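What the sequence shown shows, in the UniProt record's numbering, is residues 1 to 372, in sequence order.
For reference, the structure is listed below as structure tokens.
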Amino acid sequence: MSSTRLAILSPAPRGPMSLPASMGQLVADVESHQEVWGCWLQSWDLPVTVGEIAPFLDELSRQALHQEREVIWAPMSSASSAVRLVLHGAAQPEALRRALTTLHLQSFMPGRVLHCQGDDLAIVLHGPSGPLGASNHRLIEALEGVFLDVAVTPLWAKGHFRLLLADMDSTLIDIECIDEMADHLGLRRQVSAITERSMAGELDFQTSLRERVRLLAGTPASTIDTIIRERLRLSPGARELVAAAKAQGVEVGVVSGGFTQFTRHLQETLDLDYAFANTLEIIDGQITGQVLGDIVDAAAKADLLDLLALNLGTDASHCIAIGDGANDLPMIRKAGVGIAYHAKTVVRAQADFQIRYGGLDTASTYLGWGNI
Numbered sequence: 001m002s003s004t005r006l007a008i009l010s011p012a013p014r015g016p017m018s019l020p021a022s023m024g025q026l027v028a029d030v031e032s033h034q035e036v037w038g039c040w041l042q043s044w045d046l047p048v049t050v051g052e053i054a055p056f057l058d059e060l061s062r063q064a065l066h067q068e069r070e071v072i073w074a075p076m077s078s079a080s081s082a083v084r085l086v087l088h089g090a091a092q093p094e095a096l097r098r099a100l101t102t103l104h105l106q107s108f109m110p111g112r113v114l115h116c117q118g119d120d121l122a123i124v125l126h127g128p129s130g131p132l133g134a135s136n137h138r139l140i141e142a143l144e145g146v147f148l149d150v151a152v153t154p155l156w157a158k159g160h161f162r163l164l165l166a167d168m169d170s171t172l173i174d175i176e177c178i179d180e181m182a183d184h185l186g187l188r189r190q191v192s193a194i195t196e197r198s199m200a201g202e203l204d205f206q207t208s209l210r211e212r213v214r215l216l217a218g219t220p221a222s223t224i225d226t227i228i229r230e231r232l233r234l235s236p237g238a239r240e241l242v243a244a245a246k247a248q249g250v251e252v253g254v255v256s257g258g259f260t261q262f263t264r265h266l267q268e269t270l271d272l273d274y275a276f277a278n279t280l281e282i283i284d285g286q287i288t289g290q291v292l293g294d295i296v297d298a299a300a301k302a303d304l305l306d307l308l309a310l311n312l313g314t315d316a317s318h319c320i321a322i323g324d325g326a327n328d329l330p331m332i333r334k335a336g337v338g339i340a341y342h343a344k345t346v347v348r349a350q351a352d353f354q355i356r357y358g359g360l361d362t363a364s365t366y367l368g369w370g371n372i
């Protein structure tokens, strides 16, 4: 059965809009009527077609125009599906207006408010079925210059996800470990230049790693402990994300192109289920400049995601991958949900969702863990 969804967004000081008396029989029950982010959001699901109520909608639009209110509507069908609009950041009425207007152009209409507390807002959207990638990219473009994170996500069932894999450097922690070691040794410029080329996808990861490690030859292994003690810091929201995942029964691992000494520390600090990284050769207390065994590169990260999912009796579609660099792309693309965290342009373009401003706990908001 066809229906029409109607929504009105009003500045909070004006209060909710009173509808014309001529619409009384159609809108006896309001689905959502709530003040959110400095606005009043009202929404209805009307059991009529747009054509049947066109005169009422025209009248409503004329009234709204004089009162600085936004009125939107769209036809709905039995094939329409429900998803979520999630905003995370300082409450901004203009951001909400832009988001709803942009999504309306793609036939998405707001329904009930799921959650509105502090920096988090989640609203049910009704609209076309299908992939959400294009909608997310258009939404981010529309909110360019507004410092908040935004996503349109499915309404996942509880227990849908089984595994979360995250990169380490510049993802779970706010440094690049090998760059910090180089800085400690006065080699930061040389090593950082190689790192940047690798992260941007300009240099094969295995080659870049071996080049960087060779620069560390002769370094006391105790330097690693110094870096961990003095420079390694968790990224904002890392603890909260891991705790939220575990509360959902999701296993969590770190998979890194860095080194095992750092991932072991991270595994102990965050109580992670898995930790994978490269092994530095150390002889007589000194780093030799060589890496032992196979290198954990982009392909290895994706393979590990598959392997761990298999061990959990599931597949990649029930996994989440989070990273920031080109060597995270294969696992981000393979996972059911791939999240770019303060990432390079090439990663943002291919991830399902982006975190550009907030901490890692924004991922919990996107995934519907906790209050949302």
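Ideal Cβ placement from N, Cα and C applies to all residues, glycine included.
Just so you know, these numbers come straight off a predicted model, no measurement behind them.
Point to revise | Cut-off 8 Å between Cβ atoms - residues of its own chain near C177, not counting five sequence neighbours on either side | key: Here residue 177 refers to the residue found at position 177 when the sequence shown is read from its first residue. Result list for C177: M168, D169, I227, L232, G258, F259 and F262, in chain order.
Point to revise | Cut-off 7 Å between Cβ atoms - residues of its own chain near A79, not counting five sequence neighbours on either side | key: Position 79 of the sequence shown, counting from 1, holds the residue named residue 79. Closer than 7 Å at the Cβ level, and outside the excluded window around A79, lie S129.
Exercise for review: Output the distance between the C-alpha atoms of S208 and T195, rounded to the nearest integer angstrom.
Suggested key: In the sequence shown, counting from the first residue as 1, residue 208 sits at position 208. In the sequence shown, counting from the first residue as 1, residue 195 sits at position 195. Their Cα atoms are separated by approximately 7 Å.
Review point. I320 and L96: beta carbons closer than 7 Å?
Key: By 1-based counting over the sequence shown, the position of residue 320 is 320. By 1-based counting over the sequence shown, the position of residue 96 is 96. Not a contact, by the Cβ cut-off of 7 Å.
Check your understanding: D275 by DSSP, collapsed to three states: which one?
Key -> Sequence index remark: in the sequence shown, residue 275 carries index 275 (1-based). For clarity, residue 275 is Ala in the given sequence; the question names Asp instead. DSSP places A275 in strand when its eight states are reduced to three.
Review point. Excluding the five sequence neighbours on either side, which residues of its own chain have a C-beta within less than 6 Å of the C-beta of A142, listed in chain order?
Key: Position 142 of the sequence shown, counted from the start, is the residue given in the question as residue 142. R98 and T102.
Practice item. Quick one: grab the DSSP three-state call for I178. Key: One-based indexing of the sequence shown puts residue 178 at position 178. Looking at I178 - three-state DSSP - the assignment turns out to be helix.
Review point. CB R364 to CB L172, shorter than 7 Å?
Key: Residue 364 sits at position 364 when you count from the first residue of the sequence shown. Residue 172 sits at position 172 when you count from the first residue of the sequence shown. The sequence shown places Ser at residue 364, rather than the Arg named in the question. Taking 7 Å as the Cβ cut-off, S364 and L172 do not qualify as a contacting pair.
Check your understanding: DSSP puts E35 in a beta bridge; with which residues?
Key -> Locating residue 35 in the sequence shown gives position 35, where the first residue counts as 1. Note: E35 sits in a beta bridge opposite W40.
Point to revise | In chain order, each alpha helix (DSSP H) run of at least 4 residues that lies wholly inside the region 150-179 | key: none
Practice item. Just mark T345 as buried or exposed, buried being the case when its beta carbon has 16 or more other beta carbons within 10 Å. Key: Taking the sequence shown and counting its residues from 1, the one referred to as residue 345 is at position 345. Its Cβ having fewer than 16 others within 10 Å, T345 is exposed.
Exercise for review: Return helix, strand or coil for G368, following the three-state DSSP convention.
Suggested key: Position 368 of the sequence shown, counted from the first residue, corresponds to residue 368. Residue state, collapsed to three classes: coil.
Check your understanding: How should A217 be labelled, buried or exposed, when 16 other C-beta atoms within 10 angstroms of its C-beta is the threshold for buried?
Key -> For the purposes of this step, residue 217 is identified with residue 217 of the sequence shown, where counting begins at 1. A217 comes out exposed.
Review point. Going straight from the alpha carbon of I175 to that of Q267, what length do you get?
Key: Stepping through the sequence shown from its first residue, residue 175 is reached at position 175. Stepping through the sequence shown from its first residue, residue 267 is reached at position 267. When rounded, the distance between both Cα atoms is 16 Å.
Exercise for review: Report the rounded CA-to-CA distance for G159 versus G186, giving the unit in angstroms.
Suggested key: Within the sequence shown, residue 159 is the residue found at index 159, counting from 1. Within the sequence shown, residue 186 is the residue found at index 186, counting from 1. So the alpha carbons of these two residues sit roughly 48 Å apart.
Point to revise | Rounded separation between Q34 and G15 - CA only | key: As a working note, residue 34 is residue 34 in the sequence shown. As a working note, residue 15 is residue 15 in the sequence shown. Their Cα atoms are separated by approximately 10 Å.
Check your understanding: Can you tell me the Cα-Cα spacing of T223 and G323, whole angstroms?
Key -> For the purposes of this step, residue 223 is taken as the residue at position 223 of the sequence shown. For the purposes of this step, residue 323 is taken as the residue at position 323 of the sequence shown. Cα to Cα, the separation comes out at about 26 Å.
Check your understanding: Out of curiosity, what's the CA-to-CA distance linking L85 and R5?
Key -> Numbered from 1 along the sequence shown, position 85 holds the residue referred to as residue 85. Numbered from 1 along the sequence shown, position 5 holds the residue referred to as residue 5. About 16 Å.
Check your understanding: Cα-Cα, which of D273, I72 and E211 is closest to L57?
Key -> Within the sequence shown, the letter at position 57 stands for residue 57. The shortest Cα separation from L57 among D273, I72 and E211 belongs to I72.
Point to revise | Counted within 10 angstroms of its Cβ, other Cβ atoms place H265 as buried (16 or more) or exposed | key: On the sequence shown, position 265 is the one that residue 265 refers to. Answer is buried; the Cβ neighbour count reaches 16.
Check your understanding: Can G358 and H88 be called in contact, C-beta distance under 7 Å?
Key -> Within the sequence shown, residue 358 is the residue found at index 358, counting from 1. Within the sequence shown, residue 88 is the residue found at index 88, counting from 1. Against a cut-off of 7 Å, the Cβ pair of H88 and G358 comes out as a contact.
Practice item. Report the option in P220, A182 and D328 whose CA atom is closest to the CA atom of G285. Key: Sequence index remark: in the sequence shown, residue 285 carries index 285 (1-based). Minimum Cα distance to G285 is reached at P220.
Practice item. Using DSSP bridges, identify the partner residues of L87. Key: Counting from 1 along the sequence shown, the entry for residue 87 is found at position 87. Paired residues: L121 and V150.
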